[in-house]
Structures are given as structure tokens and as C-alpha cells.
Amino acid sequence: MYINYNMDQLILPMDLETMIPENHVSRTIHQQVEEIPEVAIQNWQTAEGRPSYHPKMMLKVILYAYSQGVTSGRKIASMTQENIPMMWLAGQQAPSYRTINRARISPHFDTLLKNMFISFHTLALKQQLISGEKIYVDGTKIEANANKYSFVWRKSSERFHASLQEKIGTLYEDMKRQVALDMEKDEKEDFSIVQLEQLDQVLSETIEAIDTSLCEADSVEQKALKQEKRMWTKQQKQLQLDYLPRLQKYQTHFQQFGDRNSFSKTDTDATFMRMKEDHMRNGQLKAGYNVQIATENQFTLHCSIFQRPTDTRCFLPFLSSYEKQLGGLPDYIVADAGYGGEENYKYLLEETNSLPIMPYTMYRKEQKRSYKKDLMHRDHWEYRAADDFFICPNQRKVHFQRYAYRTDRYGYVRDFKVYECEDCSDCPLRAACTTAQSGKNRKIYYNPVWEELKNRARRSLTSEITSAIYRQRKIDVEPVFGHVKALLGFTRFRLRG
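So, in C-alpha cells, the structure goes:
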């Protein structure tokens, strides 16, 4: 006997919700989106035109599709007609893939997501899923939806731009000697697009004047005038078809760069970075984004996307966005050594009430036996604070000489105290101690602020409470990226910009 099978019979109940298990992820998404207050979407309503789909419904549809590893607009549209949890979330409405794509790139969708992070954070605190006392920060690089050979490099653009300015300068000098020019040009300044347009206008007037002279000249003069006209026509053609478009292109490039060294022509917001997913094993740079997240108990509490390849420079703007969105920073901020820079330590200790629990770059190396036995390193030298000098392994004094500072390319200033050995000329340890030229002594650049910050970092990493918090970092934030990349298959952006 077989169970009765009849496709033409109406089956009750007709409510789709009864067919969805109690602990299904679609119910969680529905609950989270409904927590967003209606005030957040009231300003988007309009009484004109065709009624649009409800923003909350669109957000539920997109989030559920992403939770199933589906990011294609066409596949999401198909799920609204084939997938039971999706049909329930959509209220059996079926938006087209164009509507879905327009929804997820709109500024309204971004606002909804931010409100959802706030409501989720509040709910997680209420249900004691998180303590709210600490966050674990980490970043990963995800490839952009861009051609990997569509790169534009800042140094190349600057070099080509300088070469173009030289060619324009040669044309300008030729015209200045042979044609009356009203345009004044500073030698130190580059030619602008307006100035090139002025040169083009002068060339047009010059060619018109030659045409007028041709009508009145004899055969001998006509030959010389025609030759001159061919020369200026060639220069004008090169100016219009080569110099002017290239100058416009380079100016656009410099606007796109900002503080970056590269961008992609396919996705101009993407920066070329080194990825861990290097299948060719040749260290090839790929267009991508640096995605930063803050987690606790493997819940993502905040995320942000940056164009900067290094985590160190993403740290402060990420914390600023976290504080702005969630209303403050927790007591402990935990991160790996990639974030342990002087500027980051200094900001957290002086500007916030949070304690940074993150090692600096050399922290792990300092624990090794080979480092501790390296007597040539300045950290192992005796220091006499009263007279402000070090004693090197050869028992010679390294005296204070002067103060110095260094400004990095991003404007941050580091202050140093410069020390110099009294005499390295006949030292038997010279070869192992310094690479200074013959006749010069070893110098030490000592940063007192950085040394104090490193001492504080060591204390926070060795105390019982904070060291226990730091040990949880690997099992808290790392699995989130593993889930996103390995299980959800999100290793490359689908949208650009």
C-alpha cells in the first residue's frame, strides 16, 4: 500500500508559517527586522506614484537569501516564488531581480542595516548573549567585483603626468617665441585644463590668420605659409587628441586616489591588496576591500568596509564608527598584533576609557630565547637614568645627542631621543653591532612614548584577567570569518562601489 498522493487536492492549513520549524533562521531574521522602529522608515513614504514594496520586507528577503549563501539578484527573485521560508517572509509577494538590486544599493537599505545592528545589540544584551564589556576586532580582505588587470598606480600616473607636463611646456615655449601669448604661466606650476584650452584657442586664431594671409600672398610666400600652417595644425591636433584628454584623465585619477596608491578601473573604490587566496602563489595584488568586524561570543556587533590595506590604519576610524553607532566603546578592546601601533595605543589610553588588549609587532619575538640572548639589541643594554646614557656590550657609553622627530606619510609625528656611542672605531664587536660606515659611530633612536606604551601592553597581556580575555580572541572573531567565507561562500563581492 502507498500513502495517498493527489496533487489536485487542497491541503489545510494554508498558512505558510505552520510549515516552518520553530528554530528556523527565517524566524530570527523576521524577529530582528521587526525590532527596527517604524520611525526609521516613516520619512521614506510618499503618496505619489506606484506603491513600493515595504522596506522591512525587502530587508528580510535579502538577509534570508544571504544567510543561505545566495547573493545573486536573479536567484533571490526565484526564491521568493519557490522557497517556503522566503515566501513567508515576503508575504507571498514576488519582487523582480531589478527591484532587489535597486533596494540593496539604496541609502535606505544602509540605514535599515545600521538600525538592525543597534536593535540586535540591544536584544543580545537583554538576553545576556553578550556581556557588553569587551569586543574582539579583526579584519579580512575580500576581493572586489573587478578585473584583476584593471589597475591604476599612483607612481605611474605621477610619472606619466610629469612627462606630459614637459611636452606641454615645450609646446608652450614654441608658441611663446612665435606667437603673441597673453597667458602668464608660473614655471613651478603645472598646466591646467583651462590653460590648454587657451592654447588651443590661440592655435585656432593663428591658423585662421595664416588662411587669411594665403589669399593675399604670392606663390613663394604661400609655400612658407602652408608649411607653417601644417606645423601649427599638427600641434593643435596633438593638443586636442592627446594632451588635453590625457591631462583630464590624470586629474580624474588623482581625485580617485585620495590617500591610496592604487585603484581599479572596473571598481574605482577598490584598492589593490595582497590576498591570502593566492592560487598562483606569486604574491599577485588583487582589487579588494578590507572588512573590519567587532564580535563577542561570535556575534557580529559592528562591521565596516575600508579601502586601506593595513589593519593598523583601519582601527581608529572603525572604533569611531562603532562608538557613533552603538553609543560608546566597551571596557576592553581586543585585537591582534596587526593593530598594535603607537597611534592606536595612544588614542585608546588618552581619549577613551577602554583598555587595549593587543600585542605590538615585536611582542611575540621578544618572548623567544634567541631575542633574549641578543646582546647587540638596545633593549638589553644597561641604562643610567641619572646621566642619561646607555652602556653597550663593549662597556662604552652611548650618550644622548639631540631630539628628533619623524612624520609618516599620513601626518602622524613620532618624537625620538638620539644617542650616539662615544667611539666605535676599534671595537671588536662593531661588525655584529652596527652597519654604520667606517669612521662613524652607532646611533640609537629611542622613542620614550612608544616604550611606555609597550610596557603598558605587556602588563595588560600578562595580568590574569586580561590575558584570559585575550586567549578567547582566536575562538571568538576568527570563526566568524570562517563561517562567512567557507560556509556562506562569500569570498568575492557581487556589487561594485
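For the sequence shown, full-length UniProt numbering assigns the number 1 to the initial residue and increments by one for each residue that follows. By construction, the Cβ of each residue, glycine as well, lies at the ideal position given by its N, Cα and C atoms.
Check your understanding: Would the segment 366-386 and the segment 405-417 be scored as touching if the rule is three or more Cβ pairs under 8 Å?
Key -> No contact exists between the segment 366-386 and the segment 405-417.
Review point. Taking all protein chains shown into account, do 16 or more other C-beta atoms lie within 10 angstroms of the C-beta of Ala65, making it buried, or fewer, making it exposed?
Key: That one is buried.
Point to revise | His399 in three-state terms, based on DSSP | key: Judged by DSSP in its simplified three-state form, His399 adopts strand.
Practice item. Within 10 angstroms of the Cβ of Glu420, are there 16 or more other Cβ atoms? Answer buried if so, exposed if not. Key: Answer is buried; the Cβ neighbour count reaches 16.
Review point. So which of Ile142, His161, Gln238 has the shortest CA-CA distance to Leu171?
Key: Checked all of Ile142, His161, Gln238; the closest Cα to Leu171 is Gln238.
**Study point:** Span of the alpha helix (DSSP H), counted from its first residue to its last, around Met175
**Key:** Here the alpha helix (DSSP H) through Met175 covers 154-178.
Review point. Going by beta carbon distance, what residues of the same chain come within less than 8 Å of Leu326, once the five residues before and after it are set aside?
Key: Contacts found: Phe117, Ile118, His121, Leu301, His302.
Point to revise | Contacts around Met273, its chain only, beta-carbon distance under 6 Å, and the 5 residues preceding and following it disregarded | key: Around Met273: Lys141, Gly288, Pro309.
**Study point:** Close Cβ partners of Asn394 (< 6 Å) along its chain, the five nearest in sequence each way excluded
**Key:** The residues are Cys427, Leu429.
Practice item. With distances taken Cα to Cα, identify the nearest neighbour of Phe151 among Ile444, Met358, Glu173, Thr268. Key: Minimum Cα-Cα distance from Phe151 among the listed residues Ile444, Met358, Glu173, Thr268 corresponds to Thr268.
Point to revise | Environment of Val33 [buried if 16+ CB atoms lie within 10 Å] | key: Under the 10 Å beta carbon count, Val33 is surrounded by 16 or more other beta carbons and is classified as buried.
Check your understanding: Using the C-alpha atoms, what's the distance from Asn282 back to Gln401?
Key -> Rounded to the nearest angstrom, the two C-alpha atoms are 45 Å apart.
Check your understanding: Considering only C-alpha positions, which residue in the set Asn455, Tyr149, Asn115 is nearest to Ala270?
Key -> It is Tyr149.
**Study point:** Nearest neighbour of Phe493, chosen from Val291, Gly340, Ala404 [CA to CA]
**Key:** Of Val291, Gly340, Ala404, the residue nearest in Cα terms is Val291.
Review point. What are the boundary residues of the alpha helix (DSSP H) that includes Asp200?
Key: Note, Asp200: alpha helix (DSSP H), 193-216.
Exercise for review: Report all residues from its chain with a CB closer than 6 Å to the CB of Phe481; omit the five preceding and five following residues, and keep chain order.
Suggested key: Close CB contacts of Phe481 within its chain, under the 6 Å cut and outside five residues either way in sequence, are with Thr140 (chain order).
Point to revise | Cβ-heavy atom distance, Val477 to the ligand SAH, below 7 Å | key: Summarising the ligand content, the structure contains no ligands, and the ligand SAH is consequently not present.
Review point. Taking the C-alpha atoms as reference points, what is the distance between Asn6 and Asn147?
Key: Asn6 and Asn147: Cα-Cα distance of roughly 52 Å.
Exercise for review: State whether the segment 80-95 contacts the segment 18-29, with contact taken as three or more CB pairs (one from each stretch) at a distance under 8 Å.
Suggested key: Contact between the segment 80-95 and the segment 18-29 is present, because at least three Cβ pairs lie under 8 Å.
Practice item. Name the residue from Tyr53, Lys126, Asp138, Gln92 whose alpha carbon lies nearest to the alpha carbon of Arg104. Key: Measuring from the Cα of Arg104, the nearest candidate turns out to be Tyr53.
Point to revise | Whole runs of the alpha helix (DSSP H) within the segment 31-88, excluding any shorter than 4 residues | key: If we require 4 residues or more, the alpha helix (DSSP H) runs fully inside the segment 31-88 come out as 39-42, 55-67, 73-82.
Review point. CA-CA distance, Tyr470 and Pro356?
Key: Whole-angstrom Cα-Cα distance: 10 Å.
Review point. Counting pairs of Cβ atoms below 8 Å between the segment 153-167 and the segment 329-339, do you hit three or more?
Key: Verdict: no, contact absent.
Check your understanding: Hey, how far is the Cα of Tyr403 from the Cα of Arg313?
Key -> Computed Cα separation, rounded: 27 Å.
Check your understanding: Going along the chain, which unbroken runs of the alpha helix (DSSP H) with 4 or more residues stay wholly within the segment 243-296?
Key -> The segment 243-296 contains these whole alpha helix (DSSP H) runs: 244-257.
Practice item. Ignore the nearest five residues each way along the sequence and tell me which others in Ala47's own chain have a CB closer than 8 Å to its CB. Key: Around Ala47: no qualifying Cβ.
Review point. Relative to the C-alpha of Asn297, which residue among Val334, Glu323, Phe318 is closest?
Key: Put simply, of Val334, Glu323, Phe318 the residue whose alpha carbon is nearest the alpha carbon of Asn297 is Val334.
**Study point:** Touch test, the segment 97-112 against the segment 56-63, Cβ-Cβ under 8 Å, three pairs minimum
**Key:** By the Cβ criterion, the segment 97-112 is in contact with the segment 56-63, since at least three pairs of Cβ atoms, one from each stretch, lie closer than 8 Å.
**Study point:** Between the CA atoms of Met1 and Ile475 - distance to the nearest angstrom
**Key:** Each residue's alpha carbon lies about 53 Å from the other.
Exercise for review: Identify whether His108 lies in helix, strand or coil by the three-state DSSP scheme.
Suggested key: His108 carries a helical assignment under DSSP once its states are collapsed to helix, strand and coil.
Review point. Is it right to say Arg442 is buried, meaning 16 or more other beta carbons lie within 10 angstroms of its own, or is it exposed?
Key: Buried is the call here.
Check your understanding: What does a CB cutoff of less than 8 Å around Asp331 pick up in its chain, not counting 5 residues either side in sequence?
Key -> So the qualifying residues of the chain are Glu133, Lys134, Asn353, Ser354, Leu355.
Check your understanding: What residue range is occupied by the uninterrupted alpha helix (DSSP H) comprising Arg378?
Key -> Neither: Arg378 is in no alpha helix (DSSP H) and is coded neither H nor E.
Check your understanding: The beta strand (DSSP E) with Leu348 in it runs from where to where?
Key -> From DSSP, Leu348 is part of no beta strand (DSSP E) but of the alpha helix (DSSP H) over 342-351.
Check your understanding: Between the beta-carbon of Ser262 and the beta-carbon of Arg154, is there less than 8 Å?
Key -> It is a contact, given that the beta carbons lie within the stated cut-off.
Exercise for review: Pair every Cβ in the segment 239-248 with every Cβ in the segment 183-202, then say whether three or more of these pairs are closer than 8 Å.
Suggested key: Contact between the segment 239-248 and the segment 183-202 is established, with three or more Cβ pairs separated by less than 8 Å.
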